[in-house]
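Step one of this worksheet: look at the structure below.
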Amino acid sequence: MLVWVDDRPQLEACFAALTPANDMALAAFRPRRTFPGLCAACGQVTDFLVTAGEPEGDWRNLLEGMICACGTNGRTRMAIQAWRQVRQELQPQNSLIFERVTQFYSLLVAEDPSLIGCEFLGPDKISGQTYDFHGVPVRHEDMLAMSSPSDSLDLIMHFDVLEHVPDHKAALRECFRTLRPGGVSLFTLPFYEDIGKSVIRSRLVNGEIEHLLPQAFHGNPVGDGALVFFEPSWDLLDSIRETGFKLQIGIAHDVSGGIVSNGCPFPIGHMWPVIFKLTKPL
19 MLVWVDDRPQ LEACFAALTP ANDMALAAFR PRRTFPGLCA ACGQVTDFLV TAGEPEGDWR
79 NLLEGMICAC GTNGRTRMAI QAWRQVRQEL QPQNSLIFER VTQFYSLLVA EDPSLIGCEF
139 LGPDKISGQT YDFHGVPVRH EDMLAMSSPS DSLDLIMHFD VLEHVPDHKA ALRECFRTLR
199 PGGVSLFTLP FYEDIGKSVI RSRLVNGEIE HLLPQAFHGN PVGDGALVFF EPSWDLLDSI
259 RETGFKLQIG IAHDVSGGIV SNGCPFPIGH MWPVIFKLTK PL
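Read in order, the letters of the sequence shown are residues 19 to 300 in this note's numbering.
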């Protein structure tokens, strides 16, 4: 189930309504190594691998876990469902995703061979140019300085990328610039509903990274780790609207499909499976 809402009160109402079923699902999943279900990505009955590889004794991140044999986890299955909906509605001809060397990209491009994949390969690279990455030709794009002309793209996608961009507001503006009127930006990121306001951990000042809090890193398919610049919360919604986008937020929950909250026992780290759909007005 993927439901789209327009604002914070509606989304919070969804969270409240889903909490009892979500708590029961977490209790059922946590002690298991695998759990049977139906994968919305590949359409196969499967045994989801519950753990995402956390050390013994740690809590299990079930949003990154619940892994199907096709390689998808709870978060990416939600993203695929949302992408399929957007493709059906928008019929995009010119789509760009900030992903190129992952199994997830391979799944998407198998459905849409015209999908353009890219990665951020480093500050010394030129947006729009192709570079060799372990034998794979990879297009480099910087979300702060994209090579695409204004009003040229139908669809821009990035999944758990925006928190690693030094200036997320500037990145939103750049996506707005490059999308055609009516175009859509579809993305996920870790959204911490209980912290209230986004936390800026690091920032770029005069070309140098300034760390305001201890450095935090997430996995990076083209590097040793991606620095977390901010931890998003509710004020992100205001930043999106201030850019000029029409905002819709998708909330997914499907126990048999292996899509539940991340299961973090600490409120400040809890995340629901949410996805953001931004439309540039006509």
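C-beta: ideal position from N, C-alpha, C; glycine also.
Taking only the alpha-carbon atoms, compute the straight-line gap between residue i and residue j and give it to the nearest angstrom.
i: Leu-44; j: Ser-274; result: 12 angstroms
i: Val-246; j: Asp-185; result: 11 angstroms
i: Gln-305; j: Glu-226; result: With the chain running from 19 to 300 in the structure shown, residue 305 is simply not present.
i: Glu-117; j: Leu-139; result: 11 angstroms
i: Met-161; j: Thr-196; result: 10 angstroms
i: Gly-55; j: Pro-49; result: 16 angstroms
i: Val-202; j: Trp-290; result: 22 angstroms
i: Asp-150; j: His-158; result: 10 angstroms
i: Thr-108; j: Arg-198; result: One point to set straight first is that residue 108 is Leu, not Thr, in the sequence displayed. Going from the Cα of Leu-108 to the Cα of Arg-198 covers about 12 angstroms.
i: Pro-232; j: Leu-300; result: 42 angstroms
i: Glu-181; j: Asp-65; result: 31 angstroms
i: Asn-79; j: Thr-69; result: 7 angstroms
i: Gly-281; j: Ile-213; result: 16 angstroms
i: Val-63; j: Val-127; result: 22 angstroms
i: Asp-76; j: Gly-287; result: 14 angstroms
i: Phe-47; j: Leu-230; result: 37 angstroms
i: Trp-22; j: Ile-218; result: 27 angstroms
i: Cys-88; j: Val-119; result: 16 angstroms
i: Val-154; j: Ala-39; result: 43 angstroms
Comparing C-alpha positions only, which one of the options sits nearest to residue i?
i: Lys-187; options: Pro-167, Pro-250, Gly-140, Gly-55; result: Pro-250
i: Leu-265; options: Asp-253, Asp-272, His-271; result: Asp-253
i: Ile-85; options: Leu-67, Leu-180, His-288; result: Leu-67
i: His-236; options: Val-179, Pro-299, Leu-108, Gly-201; result: Val-179
i: Phe-294; options: Ala-87, Ile-174, Ser-165; result: Ile-174
i: Phe-205; options: Leu-36, Cys-193, Lys-215, Ile-213; result: Cys-193
i: Phe-177; options: Arg-191, Gly-276, Tyr-123, His-152; result: Tyr-123
i: Asp-272; options: Ala-31, Thr-37, Arg-26, Glu-30; result: Thr-37
i: Asp-24; options: Gly-287, Phe-263, Gln-121, Ala-189; result: Phe-263
i: Ser-166; options: Gly-153, Leu-230, Val-183, Ile-144; result: Ile-144
i: Ser-257; options: Leu-190, Leu-171, Pro-73; result: Leu-190
i: Ser-168; options: Lys-298, Val-183, Ser-220; result: Lys-298
i: Ala-270; options: Glu-72, Thr-52, Met-42, Leu-81; result: Leu-81
Any idea which residues DSSP pairs residue i with across the strands?
i: Thr-302; result: What is shown of the chain runs 19 to 300, which leaves residue 302 out entirely.
i: Trp-290; result: For Trp-290, which the question treats as bridged, DSSP gives no partner whatsoever.
i: Glu-228; result: Arg-221
i: Asp-142; result: According to DSSP, which records beta bridges pairwise, Asp-142 is partnered with nothing at all.
i: Leu-29; result: Answer is none; Leu-29 lacks a bridge partner.
i: Lys-295; result: Leu-204, Gln-266
i: Leu-56; result: Val-63
Under the criterion of a Cβ to heavy atom distance below 7 angstroms, does residue i qualify as lining the ligand GDP?
i: Tyr-123; result: Among the components of this structure there are no ligands whatsoever, and the ligand GDP is therefore not found.
Original post:
Given 8 angstroms as the limit, is there contact between the segment 125-137 and the segment 109-116, that is, 3 or more CB pairs closer than that?
Top reply: yes
**OP:** Please list the segments of the beta strand (DSSP E) lying wholly inside the segment 97-130, counting only runs of 3 or more residues, in order along the chain.
**Re:** 113-115
Original post:
Fully enclosed by the segment 158-220, which beta strand (DSSP E) runs are 3 residues long or longer?
Top reply: 171-177, 197-206
Subject >> Three-pair Cβ contact test at 8 angstroms for the segment 59-73 versus the segment 90-98 >> reply: yes
**OP:** Give, in chain order, every unbroken run of the beta strand (DSSP E) that is at least 3 residues long and sits entirely within the segment 232-261.
**Re:** none
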